[in-house]
Amino acid sequence: MTSLDLNQQPLCVEYPTLDVDFELKTGLIRLLPTFRGLAGEDPHKHLKEFHVVCSGMRPQGVTEEQVKLRAFPFSLGEKAKDWLYSLPSGSIVSWNELKKQFLENYFPASRTITIRKEISGIRQFSGENFHEYWGRFKQLVESCPHHQIPDHLLIQYFYEGLTEANRSLVDAASGGALYDKTPIEARKLIKTMAFNTQQFGSRNDNPPQRDTRTSIQNLENQTRASIHNLESQVSQLASSVSRLESRGKLPSQTIINPKQNVSAITLCSEKELQFENSTRRGHVLQNRTENSVVRGQAKQGKTGEELENSPKEVENSNQVGEEHPKVFVPKPPFPERFAKSKKEEEEGDS
């Protein structure tokens, strides 16, 4: 079996021997910026911030490069620190070599080409002020110090990206055309115009736009809440209607009416309908049925004189089974008109 190597591997940085004793202070280490090596981090910005801290905390008798060489590993974290530990031992002996290795790893040539394309194709946004566009252009150029684009091309790219209104203002301020000026004069003019627009503003400034995404999201939430309330109300209404229908609903299986005589009738309120002459009416119906049968037999079996006497028999049977009501004779109006006078009575008697 191979034995474990217990010796500490030296760091990639080989520190030179100093004439004076030097020790990094805790205050210096706490002030150092942190670069983690994540996507979107700017290595040039990290080097600038690192330079500001180290130049302000340099002790006497020690050069700035020696301070940066010893303090730079403390400014790295996560993936960036893993990258530093992966370098071969003793491969870096100066600050310039360490900075070169750092930029080559986190600012490759492909990123440089991308930024050069962004610089050459920059355009002013709609509603963007002149000084805002100038600040965005400078920040893009400073993000790639080794872009190797001449100053006159930088001025040209900036001028071509302006809107028509701002381009006309630049031409009027330059006395005709911006191309007639040198790069130094053109840059000075642009700085002055950016300062003026920042201090005094512009009449063409568009009002701040509201965030439409937030308003749309709020509208969607309100619509969903309204729909939910409507659904709950409809469900409550349906349950109420079903309860009302169940109260007045007829039974699913109807009861067949009996063929016998009606003995009792029960109403919906569970009251029983009383009949005083129910027995008498039943007998009357039975007598009527018998009379109709007698009439039929009389018409079929009797002839001649029997038929002449049959109506009398039927009438007698009807009188026995059914009582005919008395005929009502109304009294004449004004009965005095029908009374005879005394003269008429005397003439009649004579």
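In this text, residue positions in the sequence shown follow the UniProt record's numbering: the first is 1, and each later residue adds one. The beta-carbon is built from N, C-alpha and C at its ideal position, and this holds for glycine as well. For clarity, every value in this text was computed on a predicted model and none was experimentally measured.
Starting from residue i, follow the alpha helix (DSSP H) in both directions and report where the run begins and ends.
{"i": "ASN131", "result": "Correcting the residue identity first, residue 131 is His in this sequence and not Asn. It spans 130 to 142 - the alpha helix (DSSP H) in which HIS131 sits, taken as one unbroken run."}
{"i": "GLN66", "result": "64 to 71"}
{"i": "LYS100", "result": "95 to 106"}
{"i": "ARG187", "result": "183 to 200"}
{"i": "VAL52", "result": "43 to 56"}
{"i": "GLU23", "result": "Here GLU23 belongs to no alpha helix (DSSP H), and DSSP marks it neither H nor E."}
{"i": "VAL329", "result": "It is not in any alpha helix (DSSP H) - VAL329 carries neither H nor E in the DSSP assignment."}
{"i": "HIS152", "result": "151 to 160"}
{"i": "ALA177", "result": "Premise fails: ALA177 is in no alpha helix (DSSP H) and is neither H nor E."}
Would you tell me roughly how many angstroms separate the C-alpha atoms of residue i and residue j, rounded to the nearest one?
{"i": "ALA172", "j": "PRO150", "result": "25 Å"}
{"i": "SER246", "j": "SER240", "result": "10 Å"}
{"i": "LEU237", "j": "GLU132", "result": "60 Å"}
{"i": "ARG213", "j": "ASN221", "result": "12 Å"}
{"i": "CYS12", "j": "TRP95", "result": "12 Å"}
{"i": "ILE119", "j": "GLY77", "result": "31 Å"}
{"i": "THR182", "j": "ASN166", "result": "20 Å"}
{"i": "HIS51", "j": "LEU69", "result": "11 Å"}
{"i": "THR17", "j": "HIS44", "result": "29 Å"}
{"i": "GLN139", "j": "SER89", "result": "37 Å"}
{"i": "TRP134", "j": "THR223", "result": "44 Å"}
{"i": "LEU244", "j": "LYS331", "result": "59 Å"}
{"i": "SER55", "j": "GLN101", "result": "21 Å"}
{"i": "ILE92", "j": "LEU84", "result": "11 Å"}
{"i": "THR112", "j": "LEU230", "result": "59 Å"}
{"i": "GLU160", "j": "ASN129", "result": "15 Å"}
{"i": "ASN218", "j": "ALA225", "result": "11 Å"}
{"i": "SER174", "j": "GLY40", "result": "38 Å"}
{"i": "GLY37", "j": "ALA71", "result": "17 Å"}
Which whole-angstrom value is the C-beta distance of residue i and residue j, which I expect to be below 8 Å?
{"i": "PRO73", "j": "GLU49", "result": "Not really, about 16 Å apart at Cβ, beyond 8 Å."}
{"i": "MET57", "j": "LEU98", "result": "Not really, about 18 Å apart at Cβ, beyond 8 Å."}
{"i": "ILE155", "j": "ALA186", "result": "5 Å"}
{"i": "ASP42", "j": "SER143", "result": "6 Å"}
{"i": "LEU31", "j": "VAL53", "result": "5 Å"}
{"i": "ALA80", "j": "PHE35", "result": "5 Å"}
For residue i, which of helix, strand or coil comes out of DSSP?
{"i": "LEU76", "result": "strand"}
{"i": "VAL13", "result": "strand"}
{"i": "VAL314", "result": "Because the pLDDT at VAL314 is just 45, under 50, the model does not fix this residue reliably, and the point stays unresolved."}
{"i": "ILE29", "result": "helix"}
{"i": "ILE92", "result": "strand"}
{"i": "PHE125", "result": "coil"}
Can you give me the Cβ contacts of residue i inside the same chain, cut-off strictly under 6 Å, excluding the 5 residues immediately before and after it?
{"i": "ARG116", "result": "HIS147"}
{"i": "PHE158", "result": "PHE137"}
{"i": "ALA177", "result": "ASP171"}
So, at 8 Å on beta carbons, what are the nonlocal neighbours of residue i in its own chain, with the 5 sequence-adjacent residues on each side left out?
{"i": "ILE190", "result": "TRP134, ILE155, PHE158, VAL170"}
{"i": "PHE125", "result": "TYR133"}
Note down, in chain order, each residue of its chain lying with its Cβ closer than 7 Å to the Cβ of residue i, except the 5 sequence neighbours on either side.
{"i": "VAL234", "result": "none"}
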